[in-house]
Amino acid sequence: MISFKDKSSFDKEATIVLVDEQQVKENKFSFQNKDLAQQIKSLQTAGQFAAEKDQSFPLPQGKKMVLLVGVGKKEDLSLSALRVTIRRAMLSAYLTKACSVEIIVHTSDESVVKATIEGVAIGTYAWKKYKSKPKTDSSVDQKDVTIIAAKKDIYTDAVTICAGANLTRDLINDNADVVTSAFLEKTIKGLIKGKKSVSAEILGKKQMEQKGLGLHLAVNQGSRNEPRLIIVKYTGNPKSKDYVALVGKGMTYDTGGLNLKPTGSIETMRSDMSGASAVIGVLKNTLALGLKKNVIFVMAIAENVIGSGAYKPGDVFKSYLGKTVEIANTDAEGRLVLADAIAYVIKNYHPKRLIDIATLTGACVVALGHDYSGLVTTDNDLSRQLIRSSKETDDRIWRLPIYPEVKEAVKSNVADIRNLGFAKGAAGAITAAEFLRQFSNGTIWAHLDIAGTAFVDQQCRLYYGHGATGSGVRLLTHYLQNN
Ligand code: BES
Ligand code: ZN
Ligand code: ZN
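Using our numbering, you'd call the opening residue of the sequence shown number 7 and step up by one each time.
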């Protein structure tokens, strides 16, 4: 639980005090505690603490603990680095077994307070469901965290938005055989139950057959779980007829299909529903914030597994749009499911803009690594808006080009289009996007490839611990709030 308070009373088990170099030099702080100011003065005189960046100093105060944390020069402060600093400080406080923590921010700057909130809520998230000793749980909702700042709507909103991102992370982190299409359906129904301005359409196997979502069905052929296309329509601004559609790839597991993934590539593939999970997180946020915007949330859910029914390389399937598709590789399944979802939503819901989000290509990870998601769009305005949201939230994206000649990559000898790009996977992130573009039918469209950013397969990266990051949730929530 995160709460806000105007003034510190230094009565929590741990107090994290952020200080910058100038404050230490002048011995002028944002808190009123002469005793502590005096202690810092002595440390400074002894050359032990000057508030250099990431310099931390524990000061036991009887049974309680004050943790001094330096942020360096105020003018050099990076909000991204601050989130990392807050995450580390919180984890140190938890190591001292503190269950109540107070954080004294060194300035009342709104963006600094917001980054602090995110450092706590995003940074201390940990997936502990399958650990036998939940007593070591360090997740923030188990603790009492007070941030010293005057309570403002943007701060409580920031806490709300982080909770949306953390729901996304829970969905991704849990077992693939737990988070199935039925589980995701139940989760979505739970979120929208009893909410005003919301309606839902849910397509199962039968409805997909009737309507001809041939690509989505093909991908799911080997699975004993049913595919789902779940569409939630939210009308927060009844005066407007304009809707933005968010379409997420929801591969509950991606083995690669008959083009089976090798060891080393398959282990994290329960995260292949990160796009759909991000859309669910944004849905939660939209409802919690009561956004006055019109949004269509789309979760395209399937499981790409092997078995006698699995779809086969070389075969041709007909898409919802009518185009036929040659399956050149069963591991390029995301674009198939998304192509049908995009075409279906455009034909039946007529959104003004559509943004898809997917763990789509390993090529995007090669191109941009793990800190930036790929953005591909033909619309410069939409690009600017998304990049602005990216900068504000530190949910990072980088634009990749798309241009007419890329059409060549997805030409097929036997069908209208094929699900593979240039030889040797050249520009694989872009050719996958080109495949999607050809199903967007002229609607203003942007594609986010979160293959590299959705999951941390190590101890930690930036201010994310091991596992899902919730990438895309803060970005798209900010986008909806501001556009
Ligand atoms: N889900 C994968 C992409 C992926 C790779 C996500 C690494 C997260 C981390 C996607 O379905 C896939 O397998 N793509 C293939 C496409 C190829 C066959 C054209 C890939 O990237 O190798
Ligand atoms: Zn795949
Ligand atoms: Zn996939």
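For glycine and all other residues, C-beta sits at the position ideal for the given N, C-alpha and C.
Residue i - containing beta strand (DSSP E), residue span
i      : result
Gln465 : 461 to 467
Gln148 : It is not in any beta strand (DSSP E) - Gln148 carries neither H nor E in the DSSP assignment.
Leu381 : 379 to 383
Ile236 : 234 to 241
Asp455 : 450 to 455
Asn181 : Run containing Asn181: none; DSSP gives neither H nor E here.
Phe441 : Counting along the chain, Phe441 falls outside any beta strand (DSSP E), though it belongs to the alpha helix (DSSP H) covering 434 to 443.
Asn300 : 300 to 310
N-terminal and C-terminal residue of the alpha helix (DSSP H) that residue i is part of
i      : result
His484 : 479 to 488
Ser138 : Premise fails: Ser138 is in no alpha helix (DSSP H) and is neither H nor E.
Ala345 : 340 to 355
Tyr100 : 85 to 101
Gln28  : 27 to 32
Asp387 : 386 to 399
Leu221 : 220 to 226
Ile194 : 187 to 198
Gln67  : Per DSSP, Gln67 belongs to no alpha helix (DSSP H); it is in the beta strand (DSSP E), 62 to 67.
Burial state of residue i (16 or more Cβ within 10 Å)
i      : result
Asn425 : buried
Lys18  : buried
Gln444 : buried
Arg5   : Residue coverage of the chain in this structure runs from 7 to 489, which leaves residue 5 outside it and unanswerable.
Lys3   : Because residue 3 is not part of the residues shown, which for the chain are 7 to 489, the question remains open.
Gln216 : exposed
Glu440 : buried
Val119 : buried
Arg390 : exposed
Thr51  : exposed
Gly200 : exposed
Ile160 : exposed
Ser9   : exposed
Ala156 : exposed
Gly320 : exposed
Met7   : exposed
Gln44  : exposed
Tyr136 : exposed
CB of residue i within 8 Å of CB of residue j, strictly
i      : j      : result
Arg366 : Asp463 : The question names Arg, but residue 366 in the sequence shown is Leu. Not a contact, by the Cβ cut-off of 8 Å.
Arg230 : Ile208 : no
Asn310 : Glu332 : no
Ala452 : Ser280 : no
Lys69  : Val107 : no
Tyr326 : Gly218 : yes
Ala349 : Asn447 : yes
Thr21  : Ile110 : yes
Pro244 : Ile302 : no
Lys13  : Ile154 : yes
Tyr317 : Val225 : yes
Asn265 : Thr336 : yes
Val90  : Leu468 : yes
Arg406 : Val382 : Checking the displayed sequence, the identity of residue 406 turns out to be Leu instead of Arg. In contact: Leu406 and Val382 (Cβ atoms closer than 8 Å).
Tyr240 : Ser203 : yes
Val304 : Leu252 : yes
Leu221 : Phe323 : yes
Lys47  : Thr152 : no
Ser62  : Ala95  : yes
Gly256 : Gly315 : no
Asp422 : Thr483 : no
Given residue i as reference, the closest of the options once Cα atoms are compared
i      : options                        : result
Ile393 : Leu468, Val343, Gly478         : Gly478
Asp115 : Leu85, Val301, Gly210, Arg94   : Leu85
Thr122 : Val165, Ala20, Lys212, Cys105  : Val165
Ser15  : Leu24, Ala294, Asn39           : Asn39
Gly296 : Lys397, Asp362, Leu486, Leu97  : Leu486
Leu65  : Asp248, Leu73, Glu414          : Leu73
Thr384 : Thr449, Thr399, Lys397, Asn489 : Thr449
Gly270 : Lys255, Ser396, Pro410, Gly368 : Gly368
Ala306 : Tyr100, Lys324, Asp346, Ala99  : Asp346
Lys247 : Ala132, Gly256, Tyr355, Phe323 : Tyr355
Thr113 : Lys329, Met96, Lys134, Lys34   : Lys34
Ser379 : Thr437, Phe461, Gly287         : Phe461
Lys353 : Gly328, Ser396, Pro268         : Gly328
Ala56  : Phe37, Glu32, Gln67, Met71     : Glu32
Gly76  : Leu49, Ala294, Ala438, Leu344  : Leu49
Ile286 : Pro268, Gly254, Thr274, Ile272 : Gly254
Ala435 : Ala373, Asn488, His472         : Ala373
Worksheet item: Three or more C-beta pairs closer than 8 Å, one from the region 169 to 180 and one from the region 122 to 133: is that the case here?
Response: Using a Cβ-Cβ distance cut-off of 8 Å, the region 169 to 180 and the region 122 to 133 are in contact, since at least three pairs of beta carbons, one from each stretch, lie closer than that value.
Item to complete: Taking 8 Å as the threshold, find out whether the region 193 to 204 comes into contact with the region 235 to 250 through three or more Cβ pairs.
Response: Touching, per the Cβ criterion.
Item to complete: Report yes or no: do the region 305 to 319 and the region 249 to 261 share at least 3 C-beta pairs separated by less than 8 Å?
Response: As far as the Cβ criterion goes, the region 305 to 319 touches the region 249 to 261, which means the pair count is three or higher.
Worksheet item: Is it a yes or a no for the region 270 to 285 touching the region 174 to 184, going by three-plus beta-carbon pairs under 8 Å?
Response: They touch, by the three-pair rule.
Worksheet item: Using 8 Å as the Cβ pair cut-off and three pairs as the minimum, do the region 20 to 36 and the region 71 to 81 touch?
Response: Yes, they touch.
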